Amino acid sequence: MKFVVLKKGSIIAVIVTFMIITIGAVWVLTEKNSYPTVSMTGQKETIPSYQLVTVEYSSKTDDGKEIEMYRWDPGTINIEKGKEVELRLYGVNGMEHPFYIEGTDVKGTVKKGEETVVNVKFDEEGTYRLVCETHHSIENHGPMVAHIIVD
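Position in the sequence shown (from 1) plus 18 gives the number in my numbering.
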């Protein structure tokens with residue numbers, strides 16, 4: 019009959035090796051990209067911000083006529099009912115775009131190379147249109163309309 023004799027140093031080496039392997043496995047299997055869901059700093063909640071830009075599309079017809087169309091990009095945004103939001107409208111194409119938001123008293127003008135910021139809060143669910151007064155129809159190179167969906 020054979021006996022295995024382990025010295026005190028061998029037993030400690032086996033235990034340390036087992037602990038290192040266990041810690042390494044736990045470290046590898048845990049998620050590295052965890053983010054806190056609640057601010058513990060006590061800072062005031064920031065207002066959600068939505069950025070829209072003015073965009074122009076142009077093309078030529080078969081007979082050589084130049085046609086163009088203006089749009090807001092993105093054309094649709096979703097907003098939570100009853101929550102104040104910030105709309106940041108930046109003028110990229112077109113010299114200026116006077117606008118209004120249907121169902122509100124929000125009005126303004128977006129100028130090329132400038133940003134217009136408006137804060138708005140929608141208390142009722144529905145679809146609100148952000149309309150450029152200059153480009154409100156096809157005859158005026160539009161419709162330049164964005165939809166704000168409030169849920």
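For glycine and all other residues, C-beta sits at the position ideal for the given N, C-alpha and C. Since the structure is predicted, the reported quantities are computational estimates derived from the model, not experimental observations.
| Query | Result |
| --- | --- |
| Best match in Val-71, Trp-45, Gly-42 for proximity to Glu-132 [C-alpha to C-alpha] | Val-71 |
| Buried or exposed by the 16-neighbour rule on C-beta atoms within 10 Å, applied to Leu-148 | buried |
| Other residues of its chain near Ile-119: CB distance less than 6 Å, five sequence neighbours each side excluded | Tyr-146, Leu-148 |
| Secondary structure of Thr-55, DSSP reduced to three states | Because Thr-55 carries a pLDDT of 49, less than 50, the predicted location of this residue cannot be relied on, and no value is offered for it. |
| Own chain partners of Lys-125 with C-beta closer than 6 Å, once the 5 adjacent residues on each side are dropped | Tyr-118 |
| Arg-89 burial status per 10 Å Cβ neighbour count (16 or more: buried) | buried |
| Unbroken alpha helix (DSSP H) run spanning Phe-140, endpoints | First-last for Phe-140: undefined, no H or E at that position. |
| Spatial distance of Thr-152 from Val-103 (CA atoms) | 25 Å |
| CA nearest to the CA of Ile-167, picked from Asp-123, Tyr-108, Thr-134, Glu-98 | Glu-98 |
| Alpha helix (DSSP H) segment containing Ile-39, residue limits | 26–47 |
| Leu-107 classed as buried or exposed, judged by whether at least 16 other C-beta atoms fall within 10 angstroms | buried |
| Ala-31 classed as buried or exposed, judged by whether at least 16 other C-beta atoms fall within 10 angstroms | exposed |
| Where Glu-98 sits in the DSSP three-state scheme | coil |
| Exposure label - Tyr-164; buried when at least 16 CB within 10 Å | As written in the sequence, residue 164 is Ala, which differs from the Tyr given in the question. With 16 or more other Cβ atoms within 10 Å, it is buried. |
| Backbone secondary structure at Ile-85 - three-state DSSP | strand |
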